[in-house]
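Numbering (the numbering used here), first residue to last: 640 to 858. Even glycine gets a Cβ: it sits at the ideal position worked out from N, Cα and C.
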Amino acid sequence: MAVVLPPRRLRAVYRRLHARYGPQHWWPARTPFEVIVGAVLTQNTAWSNVERAIANLEAAGALTPEALLALPLPELAALLRPSGYFNVKAGRLRAVCHWYVAAGGHGRLRRWSGGRLRTALLGLYGVGPETADDILLYAFDRPVFVIDAYTRRLFARLGLIVGDEPYAALGAAFEQALGADAPLFNEYHALIVRLAKEACRPRPRCAGCCLRRLCPSAV
DNA sequence: TACCAGGAGAAAA
DNA sequence: TTTTCTCATGGT
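Okay, here's the thing in structure tokens:
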């Protein structure tokens, strides 16, 4: 199923979001490895809960792949508890860390092609297309457009997509329309998330806000 | 109390 | 091949 998106409208949406919210400086992490950890932990989970789990990892000195792998699985799961699905995510994080360390860490991985990186990530337990693209874009600066629930909701609301298109078709459509531009994709996705979070906050005047047409909560 | 949140994998149909 | 179920905490 091929999806075609109008480049001018996509850029117009971006300009409006950027004008309203400004640069977001994403991903909210200090190291590429922390991006990877956050990408796994945020699966179907509010970011506020992910922050608690990352704080636990940091307090335990486990925010490096080697330190994380040294933790017994039950102990790791206990640290991840606030992020939900903690038993599942503990196993997923360990799988990613095993690969990360075996591959030689960020220094070596950053020299891999985007295609090779994506194939490797998708082969890992617990890494699906969205998590892989989060990692590719925000940990490795590769030009992939992340398709998450917010993105589907927003562009379906704008009438540009239906919303249930296959992940790969939507990703390809955004990348085709906007061109391979990692800094743009970085900022665009961050702005979509910012909009969604803003829209989800109770605001008495939300119904009249200038971005009502972009507001997922107004759907 | 009930529902939802930045998915993914396994099992069932 | 597609759909459904499971994993789980914290905020509203």
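Span of the alpha helix (DSSP H) around E714: Taking the first sequence and counting its residues from 1, the one referred to as residue 714 is at position 75. Unbroken alpha helix (DSSP H) run through E714: L712 to L719.
Member of N726, S752, A811 and L761 whose CA lies at the smallest distance from the CA of W738: Along the first sequence, one-based indexing puts residue 738 at 99. Measuring from the Cα of W738, the nearest candidate turns out to be L761.
R844 to H657 span [Cα, whole Å]: Residue numbering aside, residue 844 sits at position 205 when the first sequence is read from its first letter. Residue numbering aside, residue 657 sits at position 18 when the first sequence is read from its first letter. Bear in mind that the predicted position of R844 carries a pLDDT of just 36, short of 50, making it too unreliable to give a figure here.
Among P805, L732, N726 and Q682, the one whose alpha carbon lies nearest that of A701: What you label residue 701 is simply residue 62 of the first sequence in a count that begins at 1. For A701, the nearest C-alpha among the options comes from L732.
Distance between L756 and A741 (C-alpha atoms, nearest Å): Locating residue 741 in the first sequence gives position 102, where the first residue counts as 1. Locating residue 756 in the first sequence gives position 117, where the first residue counts as 1. Their Cα atoms are separated by approximately 14 Å.
Residue nearest to G765 in terms of C-alpha spacing, selected from E714, G810 and L680: The residue given as residue 765 occupies position 126 in the first sequence. If we check each option's Cα against that of G765, L680 comes out closest.
Straight-line gap, T684 to G802 (C-alpha atoms, nearest Å): As a working mapping, residue 684 is identified with position 45 in the first sequence. As a working mapping, residue 802 is identified with position 163 in the first sequence. Going from the Cα of T684 to the Cα of G802 covers about 20 Å.
DSSP three-state assignment for R796, whether helix, strand or coil: Locating residue 796 in the first sequence gives position 157, where the first residue counts as 1. Three-state DSSP puts R796 in a helix.
Alpha-carbon spacing of L708 relative to R833, whole angstroms: The count along the first sequence starts at 1 and reaches residue 708 at position 69. The count along the first sequence starts at 1 and reaches residue 833 at position 194. Roughly 33 Å separates the two Cα atoms.
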